[in-house]
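Notes for the one structure printed next.
Residue numbers (the working numbering): 9 to 581.
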């Protein structure tokens, strides 16, 4: 009889395998449609589900897992799809970038825009970013939007990919057969619940997806190294196709991680795995960049002589200067990174008058806690306790290094840590946490090494302390979900008030023109006009504003709405 850990590992593997393949299938189907002069429609999402189920059936046969495992995995997949869609549809994205251009991109794709052959006009809000940035997230999200006709449904992909990264990590740890189920689950949760990913779950920001896909890429490579079978290689290829289209920096990370893996295999004379990884990476890389990533990479190169336009190449734009905290102007990358990690957590910009303030590690105040839950925290963005966690983890690593009974995997773990450090150092603006989500992995990887090692006294003391601190640090992120719950109640109240009027609403969208989609989905007529110097109300956490009709009866505000108005300013971008 198959041991329970292996059975459980197969269920988690099949669940993660399905989610990744489904997103990759949406991208491939969308790309083929664009090349055929078509557009995103209702069918890409359900067809991707069907194709991914078929792939899972064949994978289950290869694993010799049996029909019971297949059925259980399909049930878990159904729960994931339905559950994530329900959560995504319930909450509103009230983030700045989400309302400014991510939702606008999704809306344009759903309504017939073919980015391979057409550039949107300047009248579209933040059109430069929409036309020229990577579009993996928006392509898959617009396919879901086209099927369900609810703009918020697309956020489900954030949660799906987070679950996929957890499932793949857990399935890999099961294959090691070194730790208890409790430790496997705990380590998988801690490395998956990256604050960058958790804080962006209910928004259309893409850095959280980058965090999850870097983790998925690493796990897939480890799986291929252990067993370079066709299904592990398919998983790796699907991850590469997704990852290189999340954002420009993802291309750099994918190339670095693949190069590091290839070098490790060559050095250790694992030539079969090296050849298979190289072949899979080349094929999926070309598909990801040239086919799925035709816009932006090919379009930008042909029209603007650089695949990463408008951030590089001729007429490049500067998106850092107006985000750079005061005092960072003349500092090098290493100084900025150090200061950011060891300072109070804050969303500090040149215009808000705040300054970066160093603090003693493992100390925090009210401001740190509130800022830890923001989707785009600039300083100490991994949480108030992370600096202390990092110091303790490095001390733990030293004790592991001098331990005479190191695990056989210790050199590989050191190599992986070195690759992560390099991936951080090559990013000029690494002080901004969402640009280097992989930094979060370092303490958890060191914890894994400690679990595989013989325990000395100091290891026994440090290890549980780091576990507790990481869990406590993650808990701060969930304040943001509570805050979003309040904002969602405020949005629903505002929509109900406007809909009840039965009249055309005067609006001024500001930087959040995508808010018109909420009007359209709720069949609220509107007229865009200048409302400056008028007594207006702002939509929840945006600069869009509206004018209530005269003699509009005011419905008493529920308690949650009152709380939402009180705490509306407690969250940043």
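Every residue gets a Cβ at the ideal spot worked out from N, C-alpha and C, and that includes glycine.
Counting only the same chain and skipping the five closest in sequence on each side, list residues whose C-beta sits under 7 Å from that of residue i.
i, result
"residue 17", "179, 182 and 183"
"residue 59", "33"
"residue 57", "30"
"residue 210", "99, 101, 163, 489 and 492"
"residue 262", "225, 248, 251 and 252"
"residue 295", "249"
"residue 193", "178"
"residue 191", "459"
"residue 63", "29"
What residue range is occupied by the uninterrupted alpha helix (DSSP H) comprising residue i?
i, result
"residue 241", "238 to 251"
"residue 76", "75 to 98"
"residue 451", "449 to 460"
"residue 215", "215 to 234"
"residue 109", "Unbroken run through residue 109: none, as it is neither H nor E."
"residue 200", "189 to 200"
"residue 571", "567 to 575"
"residue 496", "486 to 509"
"residue 272", "256 to 275"
"residue 61", "52 to 71"
"residue 477", "465 to 483"
"residue 203", "203 to 207"
Give me, in chain order, the residues of the same chain whose beta-carbon lies closer than 6 Å to that of residue i; leave out the 5 immediate sequence neighbours on both sides.
i, result
"residue 501", "569"
"residue 133", "112 and 521"
"residue 78", "68"
"residue 174", "196 and 200"
"residue 240", "231 and 232"
"residue 317", "140 and 308"
"residue 149", "114, 162 and 165"
"residue 292", "245, 248 and 249"
"residue 580", "Here residue 580 scores only 41 on pLDDT, less than 50, and its place in the model is too uncertain to base an answer on."
"residue 206", "485"
"residue 336", "344"
"residue 84", "23"
"residue 376", "352, 353 and 392"
"residue 202", "219, 445 and 448"
"residue 264", "431"
"residue 21", "179"
"residue 124", "42, 302 and 303"
Suppose the cutoff is 8 Å on Cβ atoms and the five residues either side in sequence are ignored; what does the same chain contact list for residue i look like?
i, result
"residue 195", "177, 181, 187, 452, 455, 456 and 459"
"residue 255", "141, 142, 214, 215 and 218"
"residue 540", "516"
"residue 122", "42, 45, 46 and 47"
"residue 274", "282"
Would residue i and residue j qualify as a contact pair, given that the criterion is a beta-carbon distance under 9 Å?
i, j, result
"residue 442", "residue 116", "no"
"residue 390", "residue 367", "no"
"residue 110", "residue 161", "no"
"residue 297", "residue 252", "yes"
"residue 392", "residue 353", "yes"
"residue 504", "residue 563", "yes"
"residue 446", "residue 509", "no"
"residue 290", "residue 39", "no"
"residue 511", "residue 533", "yes"
"residue 66", "residue 496", "no"
"residue 81", "residue 19", "yes"
"residue 348", "residue 448", "no"
"residue 499", "residue 95", "no"
"residue 369", "residue 399", "yes"
"residue 342", "residue 433", "yes"
"residue 35", "residue 147", "yes"
"residue 260", "residue 435", "yes"
"residue 470", "residue 407", "yes"
Under the assumption that residue i contacts residue j (Cβ atoms under 8 Å), give the Cβ distance between them as a whole number of angstroms.
i, j, result
"residue 450", "residue 401", "6 Å"
"residue 119", "residue 127", "Not really, about 16 Å apart at Cβ, beyond 8 Å."
"residue 27", "residue 169", "7 Å"
"residue 394", "residue 481", "6 Å"
"residue 365", "residue 414", "Incorrect: roughly 39 Å between the Cβ atoms, too far for contact."
"residue 382", "residue 488", "7 Å"
"residue 37", "residue 52", "5 Å"
"residue 155", "residue 50", "5 Å"
"residue 523", "residue 107", "6 Å"
"residue 404", "residue 467", "7 Å"
"residue 159", "residue 525", "5 Å"
Check whether the Cβ of residue i lies closer than 8 Å to any heavy atom of the ligand GTP, and answer yes or no.
i, result
"residue 36", "Questions concerning the ligand GTP fall outside what the structure shown contains, since it holds no ligand whatsoever."
If we require 4 or more residues per run, which alpha helix (DSSP H) segments fall completely within the segment 511 to 564?
Listed in chain order, the complete alpha helix (DSSP H) runs (minimum 4 residues) inside the segment 511 to 564 are 524 to 529.
Which runs of the alpha helix (DSSP H), 4 residues or longer, sit entirely within the segment 295 to 345?
307 to 312
Mind listing, in chain order, the continuous alpha helix (DSSP H) runs of no fewer than 4 residues lying wholly within the segment 101 to 174?
111 to 118, 135 to 140 and 144 to 156
So within the segment 376 to 451, which uninterrupted alpha helix (DSSP H) runs reach at least 4 residues, ignoring any that extend past its ends?
394 to 410 and 418 to 433
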